[in-house]
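The next block holds one structure in the form of structure tokens; read it before the comments.
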Amino acid sequence: MTRSASARRHGATPCPARTARTRRKSTILAPAHLLIAFQPRVRRAQPILTANPLPAPFIVLDACVLMSGIVRRLVLRLAEAGVYQPVWTERIGEEWRRNASRIWEIPPEVMAEQWADMNARFPQALERDAQAYEASLRYSDPKDFHVIAAGLARRARCGLQQVPVVQVMTWNLKDFNRSELRRQGLDVYNPDRMLAQWWQEGAGRMRDAVAQIPADYVALGREPEALATTLHRERLYRLKSLVARDAASAEAAQG
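See below:
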């Protein structure tokens, strides 16, 4: 007598699984708690992390850069456009005012007004108490230690999480030991080199700023002249070439 027959004889219901095995292969089902435990986990989409854009570089404007009314107006317009953040000190301002007053025969009070206007337009530009940063300098011209120190002070005090780009803009490259500056995390360029680099990085803002140079020239009390002539006189040779190339491309596109 089989177990199923014995179970029916005693009034018991045979096991369904055992009965099913006589007809077909049974399907094994996992317990409910195991099904829950082994459900595949759905990974939540992680937010895409984008790096914070680098802040505009800090540029220490040497007094010799401020001497030209054309270059000074141009670089300050670019600062207002956000191309860079200007840095200077009272000593730089005093040197500029003294030399400009002597060479261009501008009354000292007029130079003082211009200096006050610059600081009003760029209240964060003035770096104070930078003399302590001169102690680490050895190989540049000691007369220009204060210019480099202004950049070092701004780099140390800017409060940015990312290490900022800090550079010196000067015509007197021979007075600045580039290796020494780079060891300190700085660099130095003349205005033409820096302006040309900015043009290549963003011609739109540069184009707008450069387009105002003829008006600047007339505002200085001079007769109108071609933009290329002014750029050449200001020793902005790279910038002059880029402007000419840009004008030629625009003319070709129209014709």
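With my numbering applied, the sequence shown closes on residue 274, and no number is skipped along the way. For glycine and all other residues, C-beta sits at the position ideal for the given N, C-alpha and C.
Neighbourhood of residue i by C-beta distance below 6 Å, restricted to the same chain and skipping five residues each side
i	result
Gly112	Trp134
Beta-carbon contacts of residue i that lie in its chain and below 7 Å, excluding the five residues immediately before and after
i	result
Tyr152	Ala168, Leu171 and Ala172
Glu244	Tyr236
Arg92	Asp235
Met213	Met188
Tyr208	Gln186 and Met188
Ala110	Note that residue 110 is Arg in the sequence shown here, rather than Ala. Closer than 7 Å at Cβ, skipping near neighbours: His165.
Other residues of its chain near residue i: CB distance less than 8 Å, five sequence neighbours each side excluded
i	result
Thr249	Ile89, Ile232, Pro233 and Tyr236
Ala100	Arg224, Asp227 and Ala228
Asn118	Ala82 and Met86
Outcome for residue i when other beta-carbon atoms lying within 10 angstroms are tallied against a minimum of 16
i	result
Arg201	exposed
Ala271	exposed
Val129	exposed
Leu192	exposed
Glu146	buried
Trp123	exposed
Ser159	buried
Ala215	buried
Best match in the options for proximity to residue i [C-alpha to C-alpha]
i	options	result
Glu132	Ala154, Arg116, Cys177 and Ala144	Arg116
Thr108	Pro76, Pro72 and Val166	Val166
Ala247	Lys259, Trp190 and Val94	Lys259
Ala266	Glu253, Arg252 and Ala222	Ala222
Gln143	Ala269, Arg254, Ala98 and Ala238	Ala98
Presumed contact (8 Å Cβ cut-off) between residue i and residue j, rounded CB distance
i	j	result
Asp211	Arg257	5 Å
Val102	Phe77	Between Phe77 and Val102 the Cβ distance is about 12 Å, and since that is not below 8 Å, they are no contact.
Pro183	Arg197	About 19 Å; that fails the 8 Å criterion.
Asp148	Asp194	The Cβ separation is near 23 Å, so there is no contact.
Ala75	Gln104	5 Å
Gln181	Leu261	Actually they are not in contact, since the Cβ atoms of Gln181 and Leu261 sit about 29 Å apart, beyond 8 Å.
**OP:** Tell me the start and end of each unbroken alpha helix (DSSP H) in the segment 121 to 149 that is at least 4 residues and wholly inside, in chain order.
**Re:** 127 to 140
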